[in-house]
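Trainee:
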Amino acid sequence: MPELPEVETTVRGLARFLEGKRIERVAVNRPDLRRPFPPDLVQSLTGATVTGLGRRAKYGLIHTDRGQTMVFHLGMSGRWRIDPAEQGTHDHLLIETAGHLFALNDARRFGSVDLVDTAALQAWPQFAVMGPEPLGEDLTPAHLRAALAGRSQAIKLLLLDQRIVAGLGNIYVCEALYRSGISPQ
Numbered sequence: 080m081p082e083l084p085e086v087e088t089t090v091r092g093l094a095r096f097l098e099g100k101r102i103e104r105v106a107v108n109r110p111d112l113r114r115p116f117p118p119d120l121v122q123s124l125t126g127a128t129v130t131g132l133g134r135r136a137k138y139g140l141i142h143t144d145r146g147q148t149m150v151f152h153l154g155m156s157g158r159w160r161i162d163p164a165e166q167g168t169h170d171h172l173l174i175e176t177a178g179h180l181f182a183l184n185d186a187r188r189f190g191s192v193d194l195v196d197t198a199a200l201q202a203w204p205q206f207a208v209m210g211p212e213p214l215g216e217d218l219t220p221a222h223l224r225a226a227l228a229g230r231s232q233a234i235k236l237l238l239l240d241q242r243i244v245a246g247l248g249n250i251y252v253c254e255a256l257y258r259s260g261i262s263p264q
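Take the sequence shown: its position 145, counted from the start at 1, is 224 in the working numbering, and no numbers get skipped.
1) How would you label Thr219, buried or exposed, when you count the other beta carbons within 10 angstroms and need 16 or more for buried?
2) Would you mind stating whether Gln122 and Val195 have Cβ atoms separated by less than 8 Å?
3) Please state whether DSSP places His222 in a helix, a strand or coil.
4) From what residue to what residue does the alpha helix (DSSP H) around Glu87 run?
5) Give the C-beta separation of Leu238 and Val244 to the nearest angstrom, bearing in mind that I take them to be a contact with Cβ-Cβ under 8 Å.
6) Have a look at the DSSP bridge pairing and note the partners of Glu175.
7) Check whether the Cβ atoms of Arg114 and Gly154 sit closer than 8 Å, and answer yes or no.
8) Please classify Tyr257 as buried or exposed, where buried requires at least 16 other C-beta atoms within 10 Å of its C-beta.
9) Looking at the unbroken beta strand (DSSP E) that takes in Ser191, where does it start and where does it end?
10) What are the residues that DSSP puts in a beta bridge with Phe151?
11) Does at least one heavy atom of the ligand GTP sit under 7 Å from the Cβ of Trp159?
12) In the DSSP assignment, what are the bridge partners of Pro115?
13) Within 10 Å of its beta-carbon, does Leu183 have 16 or more other beta-carbons around it, so buried, or fewer, so exposed?
14) So if DSSP puts Gly131 in a beta bridge, which residue, or which two residues, is it bridged to?
15) Suppose contacts are defined by Cβ-Cβ distances below 8 Å. Is Gly133 in contact with Phe151 by that definition?
16) Roughly how many whole angstroms lie between the Cα atoms of Asp170 and Ser156?
17) Give the list of continuous alpha helix (DSSP H) stretches no shorter than 4 residues that lie fully inside the region 224 to 261.
18) What does DSSP give as the partner residues of Trp159 in its beta bridges?
19) I'd like to check one pair, Ile102 with Leu124: are the Cβ atoms closer than 8 Å?
20) Under the assumption that Leu173 contacts Asp162 (Cβ atoms under 8 Å), give the Cβ distance between them as a whole number of angstroms.
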């Protein structure tokens, strides 16, 4: 599963080609991934200009000049293909600008795409309950002390809890605990 670093790398790669560009065409090749695509996705994105890209935990964010943000999660096997030579069987969402085609490819269909008002992004249900980012200023010893106080779960499970720290996944939690000499139990 793509974790925080992979999503960050994906967002930075997309930004090089997508930021500041007008979306000319959007096509949805199937009605859903893990959940249905927003019914107004095509209409909302077509003609919009991408004002910036970002990331929150394991979610990628594509902000538009219409005050909306397309939020995507890559699930287990999702990836963005830029200027694919041919359309893939699992290219479920296509976004075209003048000069580039972006295909969201997800063979296992565990990903998701949502459309959220940018002003309400932090209140979006998936984000509202998330803890701070691992490298953010809000992740402090005081936060961890308060979040872990009175809890008796294994440290690995606590670090995987997105309400405590957002964006950590199994690979990086295991690696960090191993390098720290801390048992995951």
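From the three backbone atoms N, C-alpha and C, an ideal C-beta is built for every residue, glycine too.
Mentor: Taking the geometry as given:
1) Residue numbering aside, residue 219 sits at position 140 when the sequence shown is read from its first letter. The residue is exposed, with fewer than 16 neighbouring Cβ atoms inside 10 Å.
2) Indexing the sequence shown from 1 puts residue 122 at position 43. Indexing the sequence shown from 1 puts residue 195 at position 116. No, the Cβ-Cβ distance between Gln122 and Val195 is not below 8 Å.
3) Sequence index remark: in the sequence shown, residue 222 carries index 143 (1-based). Helix at His222.
4) Numbered from its first residue, the sequence shown carries residue 87 at position 8. First-last of the alpha helix (DSSP H) with Glu87: 83 to 97.
5) Looking up residue 238 in the sequence shown gives position 159. Looking up residue 244 in the sequence shown gives position 165. Between Val244 and Leu238 the Cβ distance is about 6 Å, and since that is below 8 Å, they are a contact.
6) The residue labelled residue 175 in the question sits at position 96 within the sequence shown. Partner(s): Arg104, Leu180.
7) The residue given as residue 114 occupies position 35 in the sequence shown. The residue given as residue 154 occupies position 75 in the sequence shown. No, these two residues do not count as a Cβ contact at 8 Å.
8) The sequence position of residue 257 within the sequence shown is 178, counting from 1. Tyr257 should be labelled exposed.
9) Looking up residue 191 in the sequence shown gives position 112. Start and end: 191 to 196.
10) By 1-based counting over the sequence shown, the position of residue 151 is 72. Paired residues: Gly139, Val192.
11) Ligands displayed in this structure: none; no statement on the ligand GTP is therefore possible.
12) Taking the first residue of the sequence shown as 1, we reach residue 115 at position 36. Asp111, per the DSSP bridge assignment.
13) Locating residue 183 in the sequence shown gives position 104, where the first residue counts as 1. Per the 10 Å Cβ criterion, buried.
14) In the sequence shown, counting from the first residue as 1, residue 131 sits at position 52. Its beta-bridge partners are His142.
15) Taking the first residue of the sequence shown as 1, we reach residue 133 at position 54. Taking the first residue of the sequence shown as 1, we reach residue 151 at position 72. No, the pair does not count as a contact, with Cβ atoms beyond the cut-off.
16) As a working mapping, residue 170 is identified with position 91 in the sequence shown. As a working mapping, residue 156 is identified with position 77 in the sequence shown. Going by the C-alpha atoms only, they are around 12 Å apart.
17) 234 to 239, 249 to 259
18) Reading the sequence shown from its first residue, position 80 is the one you call residue 159. BP columns for Trp159 point to Leu183.
19) In the sequence shown, the residue the question calls residue 124 occupies position 45. In the sequence shown, the residue the question calls residue 102 occupies position 23. Yes, the pair counts as a contact, with Cβ atoms nearer than the cut-off.
20) Indexing the sequence shown from 1 puts residue 173 at position 94. Indexing the sequence shown from 1 puts residue 162 at position 83. About 11 Å separates the two Cβ atoms, so there is no contact after all.
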